[in-house]
Structures are given as C-alpha cells and as structure tokens.
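Asker: Protein chains in written order, with my numbering: chain V, 303 to 454; chain E, 303 to 454. Note that beta-carbon positions come from the ideal geometry of N, C-alpha and C, so glycine has one too.
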DNA sequence: GTTGAAAGTCGTGCCCA
DNA sequence: TGGGCACGACTTTCAAC
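1) Put residue 394 of chain V into one of helix, strand or coil per three-state DSSP.
2) Determine the extent of the beta strand (DSSP E) in which residue 411 of chain E is found, giving its start and end residues.
3) Checking contacts by CB at 8 Å: is residue 407 of chain V closer than that to chain E?
4) Taking CB distances under 8 Å as the criterion, tell me whether residue 377 of chain V reaches chain E.
5) Mapping the DSSP letters down to three states, classify residue 435 of chain V as helix, strand or coil.
6) Can you pull the chain V residues whose beta carbon is under 7 Å from the beta carbon of residue 273 of chain E, in chain order?
7) Could you check if residue 347 of chain E is buried or exposed, using at least 16 other CB atoms within 10 Å of its CB as the buried criterion?
8) Tell me whether residue 447 of chain E is buried or exposed, calling it buried when 16 or more other Cβ atoms sit within 10 Å of its Cβ.
9) Quick one: grab the DSSP three-state call for residue 309 of chain V.
10) Closer than 8 Å by beta-carbon distance: list the chain V residues that pair up with residue 308 of chain E, in chain order.
11) Just to confirm before moving on: does the CB-CB distance between residue 337 of chain E and residue 328 of chain E stay below 8 Å?
12) Residues of the region 385 to 403 of chain E with a CB closer than 7 Å to any CB of chain V: list them in chain order, please.
13) State the DSSP-derived secondary structure class of residue 401 of chain E, mapped to helix, strand or coil.
14) Tell me whether residue 373 of chain V sits in a helix, a strand or coil according to DSSP, three-state version.
15) From residue 362 of chain V to residue 428 of chain V, what distance separates their C-alpha atoms?
16) Rounded to whole angstroms, how far is the Cβ of residue 352 of chain E from the Cβ of residue 357 of chain V, which I believe are closer than 8 Å?
17) Give the residues from the region 313 to 342 of chain E that approach chain V closer than 7 Å (Cβ to any Cβ), ordered along the chain.
18) Give me the subset of the region 412 to 434 of chain E whose CB atoms are less than 9 Å from a CB atom of chain V, sorted by chain position.
19) With a threshold of 8 Å, are at least 3 pairs of Cβ atoms found where one atom belongs to the region 361 to 380 of chain V and the other to the region 404 to 418 of chain V?
20) Rounded to whole angstroms, how far is the Cβ of residue 399 of chain E from the Cβ of residue 440 of chain V, which I believe are closer than 8 Å?
21) Quick one: list the residues of chain E neighbouring residue 370 of chain V, beta-carbon separation under 9 Å, in chain order.
22) Per DSSP, what kind of secondary structure is residue 444 of chain V in: helix, strand or coil?
23) What do you get for residue 312 of chain V, buried or exposed, if any count of 16 or more other CB atoms within 10 angstroms of its CB means buried?
24) Might you give, ordered along the chain, the residues of its own chain that have their beta carbon closer than 6 Å to the beta carbon of residue 453 of chain E, omitting 5 neighbours on each side?
25) Is the CB of residue 352 of chain E under 8 Å away from at least one CB in chain V?
26) Who are the neighbours of residue 367 of chain V on chain E, taking C-beta pairs under 7 Å?
27) Consider the Cβ of residue 447 of chain V: report whether some Cβ of chain E lies at a distance smaller than 8 Å.
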C-alpha cells in the first residue's frame, strides 16, 4: 500500500494518542476531520494500523518479572511450529526467530519468579525444545510500545 | 494503588480497543459511562494507564529490520547512564538491564541492515560500551503490544 | 480533496442517592 | 462509591462543489 507523509503524520498522531479526535488530528495535519477518518479507515483496512491499545504499567497490574529466553530447537523445527507453541503461553509478550546460536528468542512477562519458572517449564515441555538459556530482566530502561518516524 | 477486578476488566477492554467509548466499556463491565470515565481518569492519574496508542505494522512503515544487542559496559556504569544513552537513539524500542554475561539488552528496529549498522555504530560510540553482541531478528513470531490478565 | 448540514453518539461536569 | 441528566462537542454519513 502507498503511504504518503500525511498518512505518516496521522499514524504518528495516533501512536502518540490513540484517543485523539479526528478533528484534533486534522488540525495537526491540515486536513478536515472526514478526510482524516477516510485515511484512518483505509490504513486500518490495509493492516497498516492493526488496532488501538492502552499502554499499561506492567508493575501496576502485577506483572513484575521479565525474562528473555533463548530457545534451542530440534533440527527440523519450523518457525510456524515455534509460533504456535509460544502463542499458547499467555506469558509470552514477544517471540522472534534469530540469527546466531539460538533458534528463537522469547520475551516472557510473569507475576514473579515462581510464575516465570512455571512458564519456562511449560515452554521447555514443548517436544522440539532441546534446551533454553534464560536471561532475567533486572530493570526496564526503555519500553516503547511502538516507535514511528518523525512527529508533527 | 488499589485495583479491583472491575478496573482490571476496564483495562482489558482498553487494551483490546483503546478507542472504545465509555458507554461501550460500561456495557461490558456493567457500569455507566460516567462511572467508567472516573475510573479511567483515576487509573491514568495513578500511572496504571500510561496512555493510548495505535498498533502499527512495522513493515508497513518501512521498519523491516530488527536486532537484539547485548551490551557489555565498563565497570562503573549505572543503569541510568545506559538509559540516557539508549533513549537518544530513535531506533531503540526496548532496553533492559539483565542478569548474565551482558549488562544490558537493547532491542533495535531499523529500516534496513545499513540503518541498523548505523544505529549500532552510534550505540557503540557511547564511552561506557566496551563491546556488543548482536542478534538479528529473522522473523517476528509474536509481538503483543501489551498482555494483561483475563478478558471479559 | 473540500465544505456544510443532518442525526445520532459521546464526553464531561454537576447533582443526587 | 454509584447513577442520571444536560449541554456541547464529536462522529459519521450525506450531498454538492
């Protein structure tokens, strides 16, 4: 899909505040509210904008422990298999196939160490997982929900 | 702050759709729109809800290359120093101090390999960085913007 | 792409239980 | 706390330009 820089600025506006009114966004990008709505509808239909979400403080909802787990998988494991498996764990907030020694990197978020260990156990129970290497997060320095190009 | 399970369900609603009206959320949690608004205002003021954002397809905006970079830092480097440095790079979408060999883990998102290399160079230019180890993301299996407890 | 008008919905402050 | 009401603003869909 073609995205011009007006679209970019609309996206940046929505990333900064997803509850902004179309009139408000229009003022920032010099467009009328109906014009903004049409562009947003088009961007949503095209899958560029996947949805709108609230950014929650993980600690406030009791999600205080995080880890990154490197996954080492059996020879003929496909990314799709890994994807299916990790999506079953609600503790998984991110998962990627990666270059290097490990086959995948899984980002876990849990209530506490015990919960984390429990999730890790379920992850290791997958038949294709040969071994794992965990790295506990000590503190969160940056955690942008999404970062998009230049603002207004 | 005290969060009851009505708050939890309101949060879950907003995470699922940040543009839902208060009346809509109220219908799901059996509350009137003003009551929902008051709770949301309170949650925002308390920092539980940090804001509302759009979930963007990174590929659609030209952000196609990702990497995780392990940072090895000089002896007396504080997390605050690392935080300041990584926040200066717009390519950083996440950064954490971690247990294990490395001191920090930085999640980068760039337009392409050249851009990634450029960002990495700027990261390595920090005086406290003694060395880095990069892991390129081959594919994104899961990338939840936020995951919160049980839905409605 | 724009404007302007229509009807319906929503946000939000205020008051009462 | 919660709900109800009221007013103004916003959304959304038209039409016509």
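Answerer: With the structure as the only source:
1) As a working note, residue 394 of chain V is residue 92 in the first chain. Three-state result, residue 394 of chain V: strand.
2) Against the second chain, residue 411 of chain E aligns to sequence position 109. Unbroken beta strand (DSSP E) run through residue 411 of chain E: 406 to 412.
3) As a first step, residue 407 of chain V must be located in the first chain, where it is residue number 105. At a cut-off of 8 Å between C-beta atoms, residue 407 of chain V counts as an interface residue with respect to chain E.
4) Against the first chain, residue 377 of chain V aligns to sequence position 75. Not one chain E Cβ lies under 8 Å of residue 377 of chain V.
5) Here residue 435 of chain V refers to the residue found at position 133 of the first chain. Correct three-state label for residue 435 of chain V: strand.
6) Nothing about residue 273 of chain E can be read from this structure; chain E reaches only from 303 to 454.
7) The sequence position of residue 347 of chain E within the second chain is 45, counting from 1. Classification of residue 347 of chain E: exposed, given that the 10 Å Cβ count is below 16.
8) As a first step, residue 447 of chain E must be located in the second chain, where it is residue number 145. Buried is the call here.
9) For the purposes of this step, residue 309 of chain V is taken as residue 7 along the first chain, with counting starting at 1. Here residue 309 of chain V carries a helix assignment [DSSP, helix/strand/coil].
10) For the purposes of this step, residue 308 of chain E is taken as residue 6 along the second chain, with counting starting at 1. Near residue 308 of chain E there are no residues of chain V at all, since even the closest Cβ is about 14 Å away, more than 8 Å.
11) Locating residue 337 of chain E in the second chain gives position 35, counting from the first residue. Locating residue 328 of chain E in the second chain gives position 26, counting from the first residue. Yes.
12) If the cut-off is 7 Å between Cβ atoms, the region 385 to 403 of chain E has 385, 388, 389, 392, 394, 395, 396, 397, 398, 399, 400, 401, 402 near chain V.
13) Taking the second chain and counting its residues from 1, the one referred to as residue 401 of chain E is at position 99. Note: residue 401 of chain E maps to coil in three-state DSSP.
14) Position 71 of the first chain holds residue 373 of chain V. DSSP places residue 373 of chain V in strand when its eight states are reduced to three.
15) As a working mapping, residue 362 of chain V is identified with position 60 in the first chain. As a working mapping, residue 428 of chain V is identified with position 126 in the first chain. Answer to the nearest angstrom: the Cα atoms are 31 Å apart.
16) For the purposes of this step, residue 352 of chain E is taken as the residue at position 50 of the second chain. For the purposes of this step, residue 357 of chain V is taken as the residue at position 55 of the first chain. Cβ-Cβ separation between residue 352 of chain E and residue 357 of chain V: approximately 4 Å, consistent with a contact (criterion under 8 Å).
17) Listed in sequence order: 313, 316, 317, 319, 320, 321.
18) For the region 412 to 434 of chain E, the beta-carbon criterion of a distance under 9 Å to any beta-carbon of chain V is satisfied by none of its residues.
19) The way I'd put it, the region 361 to 380 of chain V does touch the region 404 to 418 of chain V; three or more beta-carbon pairs between them come closer than 8 Å.
20) As a working note, residue 399 of chain E is residue 97 in the second chain. As a working note, residue 440 of chain V is residue 138 in the first chain. Yes, they are in contact, since the Cβ atoms of residue 399 of chain E and residue 440 of chain V sit about 4 Å apart, within 8 Å.
21) Along the first chain, one-based indexing puts residue 370 of chain V at 68. By Cβ distance, chain E contributes 370, 398, 400, 407.
22) For the purposes of this step, residue 444 of chain V is identified with residue 142 of the first chain, where counting begins at 1. Looking at residue 444 of chain V - three-state DSSP - the assignment turns out to be strand.
23) Position 10 of the first chain, counted from the start, is the residue given in the question as residue 312 of chain V. So residue 312 of chain V counts as buried.
24) The residue given as residue 453 of chain E occupies position 151 in the second chain. In this predicted model, residue 453 of chain E has a pLDDT of only 39, less than 50, meaning its place in the structure is not dependable enough to derive any value.
25) By one-based count along the second chain, residue 352 of chain E stands at place 50. Closer than 8 Å: yes.
26) Here the question's residue 367 of chain V lines up with position 65 in the first chain. Within 7 Å Cβ-Cβ: nothing; residue 367 of chain V doesn't reach chain E, min ~12 Å.
27) Position 145 of the first chain holds residue 447 of chain V. Taking Cβ atoms only, chain E reaches closer than 8 Å to residue 447 of chain V, which makes this a yes.
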